[in-house]
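Novice: Residue numbers (the numbering used here), protein chains in the order written: chain G, 11 to 228; chain Y, 1418 to 1539. Below: one structure in structure tokens.
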Amino acid sequence: MRLASTVSLAAAMLLVASAGQADPAAGEKLFTGKNCNGCHYTQGPAQEKTIDDQLAKKGPELWYAGSKFQKAWLKGWLADPKPIRPLKYNSLTEKNPGNHPKLSAADAGAVTDYLMTLTTPEVKKGAAGKGKKLKGKLVFMKKMPCKGCHQYPKRKKVLGGLSGPSLVGASKRLNPDWIYAYMMKPKVFKPVKMMPVFTGILNEVDVKNVTTFIGKFK
Amino acid sequence: MPRITIVSALLLVFGLAAAGSAQAVDVEKTFKFYCAQCHGLDGKGKGPNVTKDFATTPRNFTDPKEMNKLTDGDIKTAIKDGGPAVSKSELMPPWGKTLTDEEIDALVGYIRKLCQCKGKQG
Chain G
11 MRLASTVSLA AAMLLVASAG QADPAAGEKL FTGKNCNGCH YTQGPAQEKT IDDQLAKKGP
71 ELWYAGSKFQ KAWLKGWLAD PKPIRPLKYN SLTEKNPGNH PKLSAADAGA VTDYLMTLTT
131 PEVKKGAAGK GKKLKGKLVF MKKMPCKGCH QYPKRKKVLG GLSGPSLVGA SKRLNPDWIY
191 AYMMKPKVFK PVKMMPVFTG ILNEVDVKNV TTFIGKFK
Chain Y
1418 MPRITIVSAL LLVFGLAAAG SAQAVDVEKT FKFYCAQCHG LDGKGKGPNV TKDFATTPRN
1478 FTDPKEMNKL TDGDIKTAIK DGGPAVSKSE LMPPWGKTLT DEEIDALVGY IRKLCQCKGK
1538 QG
């Protein structure tokens, strides 16, 4: 009886441990099997050289997904995807149809485990530091055109333009160190994009401040 | 010999024309990729970003009356250094670190085609 209890306990513990264990290989198999790479490329470095290259893409590149996204958000989003871009990817005329495939909770977990392995040393842990939120707000709202293309939360409203990805919920979605790295070296991540390059226009301190401001968007 | 010269000249002319049209296609592509977000694919100032809380009215490039008030230099400065550089809205971004001088010059030419005007000389 005692032996049986011990064996059951051990089996239960093993089950719990394996359920919580990351399995990137299984996630990669799912990613390929479901043809996710039909829209998202996962092999860095960035491949786009021309506007045509960018326009040929059906969805955002994911080769640095593990450096860009927060794991808990990614898992939740894959299981219940909601549009991040108000407009269809690469379109200025069509609304985002919101038809991203939805994964089961288990598959979302596995694919997240895989995507979180796709990192780049260009995003350095802690690089964003601690900027000044109010100074960042000044950059975002007054000095620069950020709000012209990106939606952002203001009290209970959503304001801002539609051509860029929404920044509503950025505090849960994005890794601030990625925001910082992307602003400082945009061409590493997106060599051809509709967003202007701000390197040389905003200095490192401005970028840290604006990262802190964006990083708090609910 | 003269025949060869004529053929060469014709080839040169066709070559230049082809290069010119390729460039025209590229500037249209540049405009539609970067500028149309706010100025619209037709340049009339009604791109998808112009929602009700967009704090300014993007320039309608097809309005010769308004466009004639600007010199080519004004347009170039606005594209390169952004709206505030010409006392306009910060919602017009500075594209100087994104586009080359050649691309910006081509955009000025494209915008002049849209307004079918030469602009203020200055």
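Just so you know, even glycine gets a beta-carbon here, dropped at the ideal spot from N, CA and C. Here the structure is a predicted model, which is why all the values come from computation and not from measurement.
Would you tell me roughly how many angstroms separate the C-alpha atoms of G:Tyr124 and G:Asp62, rounded to the nearest one?
Specialist: So the alpha carbons of these two residues sit roughly 29 Å apart.
Novice: From Y:Ala1434 to G:Lys164, what distance separates their C-alpha atoms?
Specialist: Residue placement at Y:Ala1434 is poorly supported in this model, since its pLDDT is 48, which falls under 50; the coordinates still yield a value, given next. So the alpha carbons of these two residues sit roughly 52 Å apart.
Novice: Below 7 Å between beta carbons is the criterion; list the residues of the segment 157-186 of chain G that meet it against any residue of chain Y, in chain order.
Specialist: Within the segment 157-186 of chain G, the residues whose Cβ lies closer than 7 Å to some Cβ of chain Y are Gly158, Cys159, Leu169, Gly171, Leu172, Ser173, listed in chain order.
Novice: Compare the Cα-Cα distances from G:Arg95 to each of G:Ala180, G:Lys218, G:Gly54 and report the closest residue.
Specialist: Nearest C-alpha to G:Arg95: G:Ala180.
Novice: Under a CB-based cut-off of 7 Å, is G:Val26 close to chain Y?
Specialist: Confidence is the limiting factor: at G:Val26 the pLDDT is only 44, short of 50, which leaves the residue's position unreliable and the question unanswerable from this model.
Novice: Quick check on G:Asn45: buried or exposed, where buried means 16 or more other Cβ atoms within 10 Å of its Cβ?
Specialist: With fewer than 16 Cβ atoms within 10 Å of its Cβ, G:Asn45 is classed as exposed.
Novice: Any Cβ of chain G within less than 7 Å of the Cβ of Y:Ala1436?
Specialist: Only weak support is given to the placement of Y:Ala1436: the predicted model assigns it a pLDDT of 48, under 50, and the question is left unresolved by the model.
Novice: Can you name the residues of chain Y whose CB is closer than 8 Å to the CB of G:Val8?
Specialist: Outside the shown range of chain G, which is 11 to 228, sits residue 8 of chain G, and nothing can be said about it.
Novice: For G:Pro155, would you say it is in contact with chain Y, using Cβ-to-Cβ distances shorter than 7 Å as the test?
Specialist: Yes, because at least one Cβ of chain Y sits closer than 7 Å to the Cβ of G:Pro155.
Novice: From the DSSP output, read off the bridge partner residues of G:Phe79.
Specialist: Per DSSP, G:Leu184.
Novice: Rounded to the nearest angstrom, what separates G:Thr42 and Y:Ser1504 at their Cα positions?
Specialist: Going from the Cα of G:Thr42 to the Cα of Y:Ser1504 covers about 51 Å.
Novice: Only counting runs of 3 or more residues, tell me where the beta strand (DSSP E) segments fall wholly within the segment 163-223 of chain G, in order along the chain.
Specialist: Here the runs fully enclosed are 167-170.
Novice: Could you check what DSSP says for G:Leu88 in three-state terms: helix, strand or coil?
Specialist: Looking at G:Leu88 - three-state DSSP - the assignment turns out to be helix.
Novice: I'd like the list of long-range same chain contacts for Y:Thr1515, defined as Cβ closer than 8 Å, with 5 residues on each side in sequence excluded.
Specialist: Closer than 8 Å at Cβ, skipping near neighbours: Tyr1451.
Novice: Between G:Ala137 and G:Glu58, what straight-line distance do the alpha-carbon atoms span, to the nearest angstrom?
Specialist: Each residue's Cα considered, the two are about 26 Å apart.
Novice: Spatial neighbours of Y:Phe1478 within its chain, please: C-beta separation below 6 Å, excluding the five flanking residues on both sides.
Specialist: So the list reads Gly1460, Ile1528, Leu1531, Cys1532, once near-sequence residues are dropped.
Novice: Using a Cβ-Cβ distance under 7 Å, would Y:Leu1487 count as near chain G?
Specialist: No - not a single Cβ of chain G is within 7 Å of the one on Y:Leu1487.
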